[in-house]
Structures are given as structure tokens and as C-alpha cells.
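Structure, as C-alpha cells:
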Amino acid sequence: MRLLKLIVAVGGFLFVLVSLFQKKGERMKGVAFLAGWLVPGAGHVLLGKWKKGLFFFTILGATYLFGMWISGFRPVSFDDNPFYFVGQYGSGLTLLIAKLRGAQKAIIRPGLDPSWFDPGLLYVCVVGLLNLVVMLSLVDAKALGGEEPATPAGLEASALPAVPTVGAPASAPEKPA
Amino acid sequence: MNGVSYLLLFFPIVLVILVVLEAARSDDPKAILKRALANLGVLTAVLVLGGAFVYVINRWF
Chain E
1 MRLLKLIVAV GGFLFVLVSL FQKKGERMKG VAFLAGWLVP GAGHVLLGKW KKGLFFFTIL
61 GATYLFGMWI SGFRPVSFDD NPFYFVGQYG SGLTLLIAKL RGAQKAIIRP GLDPSWFDPG
121 LLYVCVVGLL NLVVMLSLVD AKALGGEEPA TPAGLEASAL PAVPTVGAPA SAPEKPA
Chain F
178 MNGVSYLLLF FPIVLVILVV LEAARSDDPK AILKRALANL GVLTAVLVLG GAFVYVINRW
238 F
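Chains as they are written, first to last, in the working numbering: chain E, 1 to 177; chain F, 178 to 238.
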């Protein structure tokens, strides 16, 4: 119950934050930003780029599963590595899985070399961090193939004051006859 | 060799990172793959040369 409240609070805070920075008509991007945190690639799907969204979901999901497979399908605990522990929360889905799996400490999968343990945790962490990059690409108009920002009203070329050309002869004062 | 087998995990994770970073800023799949592979080559070269340098330093100096 406490976790649910925390998720709702963090989600609400992010939503308000994103909404404040969005212009009118771009609220969908804010919603997509949140959806992108919850499920990797969902933000792109919401904005109509479903191929890209599916690609991100597949590649990040496969990487996460591989990392979890190495670490015995147990999430990164704070004792294993504090940085990896924080990094894995870059996605709501990984956060949910980590909470559902409980506080079991990660162990190397039997049969694997012990030296694979740390890279396995790294794989899990990297998925969270990469999801943050994917989320940020949602608010980047260029990455989404959006239009260039229009010229602000009142700044049309015709309305701008004429700039004098350097070196141009100034109008000479008339000589007295 | 088994002790350093974890180095094999370098390639998939770096490739995933580079592909996702490129995909986040571009739409052309060919360009994404091309740039990601080129960057993977550069990073691998840096890793190998750095490793060789450290090996040489430790072995003979």
C-alpha cells in the first residue's frame, strides 16, 4: 500500500512537472513521457511511432531479461551495488518487478563463472538508465521528426528593421553650389 | 580463459547502448546500425589498445 502511494505520488509529481513545461497542444508529450517511464517504448507508441516503441521495448526487455537471467532472476539490492540499485529504477516496469521479487539478494546463476555476476547487475542497471534516454528523446522534436519551430509572431522578415550594410556609402551631404 | 570470459559481455551491452542512443536521435535504421557499429569498433579498439598498453607496462617495466 505504501509502495502504491509512493508510485502515485511520484507519478503525479512528474505529471505536473512535465505539464508545466509543455506548451498548449503538447500535453500528449507529457503523457507519453510518463508512459515511457512506466513501460519502455510505450511513449513512442502513444505518439504514433509504434515501430520505434516496439524496438525499444524489445531491445531493452531482452537486455533486462539477460541481466536478470545471470543474476538468478533477482533484482539488484542496495548491498550489491548502490549505483546499480538506483539505476534499475529508470523504468516503472523494472521497479515493479524488483518490488514484486522482494528483497532477495541477487546470486550468480549456477553454472556461470562468478566473474559474470557484476556484469549481470550492470545489464539490469543499464536498462533503467537507457530508458531515461529514450524518455528524453520523446521531448526532443528533432528526434521525433517533428517540424521546425515556427517563427515567432511579429518577427517576420518584413517586420524587422533594416540593418545598414557595413561599408555602404552613407548618403553624402549635399555640397553647396 | 574462463576467468576473463566476462569480457565477452562487453560487446552485447555496448552494442545495445550505442544502438539505443542512435535510435533515440535518428529514424533511419541503416544509419543507426552503421553509426553504432562504427562507434563499437572505436570503443573496442580503445579497449584493446589500452589493455595492450597496460600489459606491456606491467610485463617489461
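All C-beta atoms, glycine included, are put in the ideal place defined by N, C-alpha and C.
When the options are compared against residue i, the one with the closest alpha-carbon
i              : options                        : result
residue 125(E) : 140(E), 85(E), 96(E), 111(E)   : 85(E)
residue 64(E)  : 189(F), 229(F), 199(F)         : 189(F)
residue 117(E) : 127(E), 56(E), 69(E)           : 69(E)
residue 55(E)  : 231(F), 223(F), 198(F)         : 198(F)
residue 139(E) : 216(F), 201(F), 237(F)         : 201(F)
residue 111(E) : 136(E), 72(E), 121(E), 99(E)   : 72(E)
residue 87(E)  : 121(E), 101(E), 31(E), 109(E)  : 121(E)
residue 77(E)  : 97(E), 60(E), 105(E)           : 105(E)
residue 107(E) : 13(E), 119(E), 74(E)           : 74(E)
residue 128(E) : 28(E), 97(E), 4(E), 48(E)      : 97(E)
residue 194(F) : 8(E), 60(E), 109(E)            : 60(E)
residue 3(E)   : 136(E), 53(E), 95(E)           : 95(E)
residue 180(E) : 223(F), 185(F), 204(F), 238(F) : Given a span of 1 to 177 for chain E in the structure shown, any question on residue 180(E) remains unanswerable.
residue 39(E)  : 53(E), 28(E), 13(E)            : 53(E)
residue 137(E) : 102(E), 29(E), 100(E), 51(E)   : 29(E)
residue 51(E)  : 206(F), 187(F), 222(F)         : 206(F)
residue 6(E)   : 27(E), 109(E), 99(E)           : 99(E)
Cβ-Cβ separation, residue j to residue i (assumed contact under 8 Å), whole Å
i              : j              : result
residue 209(F) : residue 196(F) : 6 Å
residue 123(E) : residue 67(E)  : 3 Å
residue 183(E) : residue 43(E)  : With chain E covering 1 to 177 only, the question about residue 183(E) has no answer from this structure.
residue 46(E)  : residue 35(E)  : 5 Å
residue 113(E) : residue 182(F) : 5 Å
residue 233(F) : residue 217(F) : Between residue 217(F) and residue 233(F) the Cβ distance is about 24 Å, and since that is not below 8 Å, they are no contact.
residue 119(E) : residue 220(F) : Incorrect: roughly 16 Å between the Cβ atoms, too far for contact.
Where in the stretch 2-87 of chain E do unbroken runs of the alpha helix (DSSP H), each at least 4 residues long, occur, reported from the N-terminal end onward? Segments of the alpha helix (DSSP H) lying fully in the stretch 2-87 of chain E: 2-21, 27-38, 42-46, 50-70, 82-87.
At least three beta-carbon pairs within less than 8 Å, the stretch 75-92 of chain E to the stretch 124-140 of chain E: Judged by Cβ distances under 8 Å, the stretch 75-92 of chain E makes contact with the stretch 124-140 of chain E, as three or more pairs qualify.
Please go through the stretch 94-139 of chain E and give each complete alpha helix (DSSP H) segment of 4 or more residues, from N-terminal end onward. For the stretch 94-139 of chain E, the continuous alpha helix (DSSP H) assignments of 4+ residues that do not extend past its boundaries occur at 117-138, in sequence order.
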